[in-house]
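Student: According to my numbering, the sequence shown is numbered sequentially starting from 4. We put the beta carbon where it would ideally sit given N, CA and C, even for glycine. Please read all numbers here as calculations on a predicted model, not as lab measurements. Quick one: the structure is below, and I'll ask about it shortly.
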Amino acid sequence: MKSLVCITIFAAILCFASAVRIKNCGGKADVDYKNIKITGCSRDNPYCIFKKNHTAQLSIPFAPKGEVTSLKAKVDGIIAGIPIPFPLPKAEACGESLTCPIAPHTNVTYFEGLPVEPVYPSITLKVKWELVNQNGINEVCILIPVRLQ
Ligand SMILES: *[C@@H]1O[C@H](CO)[C@@H](O)[C@H](O)[C@H]1NC(C)=O
Ligand SMILES: *[C@@H]1O[C@H](CO)[C@@H](O)[C@H](O)[C@H]1NC(C)=O
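If you want it as structure tokens, here you go:
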């Protein structure tokens with residue numbers, strides 16, 4: 004049905020704007036973008052809705068190119084171009100959702116919950132989720148359009 008709406012170029016732009024677009028911001032690993040799952044994302048909104056006083060869940064399937072012995076999550080909200088850190092209960096993913104070391108080219112799935120505090124403002128922003136390896140290099144970097152409400 005969706006593709007029918009995209010017959011004209013004009014409609015195609017609207018069509019693109021109507022689905023959540025997760026952007027790659029420069030990771031080394033092969034990320035299976037199609038199978039990234041995030042709470043509150045739907046085809047009906049241009050952003051994912053993170054409800055305050057809830058925990059937003061995210062899972063990212065990927066395969067590192069080299070061995071991974073440590074993988075730390077760094078999560079920022081980008082508001083007017085300025086990154087503001089979102090504290091995570093546990094940054095290190097090894098020993099949590101991932102069993103390390105991860106051999107090169109192994110398919111694994113990272114998952115984590117992001118507590119959305121009731122005091123957060125009700126705004127639309129980009130959430131930048133980075134997974135940094137033992138050498139300080141990004142394996143994964145994604146930008147998620149999010150509305151806090
Ligand atoms: C947040 O949730 C807790 C329990 O789930 C509830 O007791 C509390 O009143 C909620 N706070 C707000 C600000 O909604
Ligand atoms: C790993 O994931 C990729 C991308 O999703 C897939 O094409 C491939 O078949 C998977 N490999 C294994 C061994 O499961």
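Quick one: is N136 buried, meaning 16 or more other Cβ sit within 10 Å of its Cβ, or exposed?
Tutor: Buried.
Student: Three-state secondary structure (DSSP) at Y36?
Tutor: Of the three classes helix, strand and coil, the one that applies to Y36 here is helix, per DSSP.
Student: Any heavy atom of ligand 3 closer than 7 Å to the CB of A66?
Tutor: For ligand 3, the structure offers nothing, since it holds only ligand 1 and ligand 2.
Student: With H, G and I counted as helix, E and B as strand and the rest as coil, what does DSSP make of R150?
Tutor: Three-state DSSP puts R150 in a strand.
Student: L128 and I85: beta carbons closer than 8 Å?
Tutor: It is not a contact, given that the beta carbons lie outside the stated cut-off.
Student: Go to S62, then tell me how far its beta strand (DSSP E) extends in each direction, as first and last residue.
Tutor: Residues 57 to 66.
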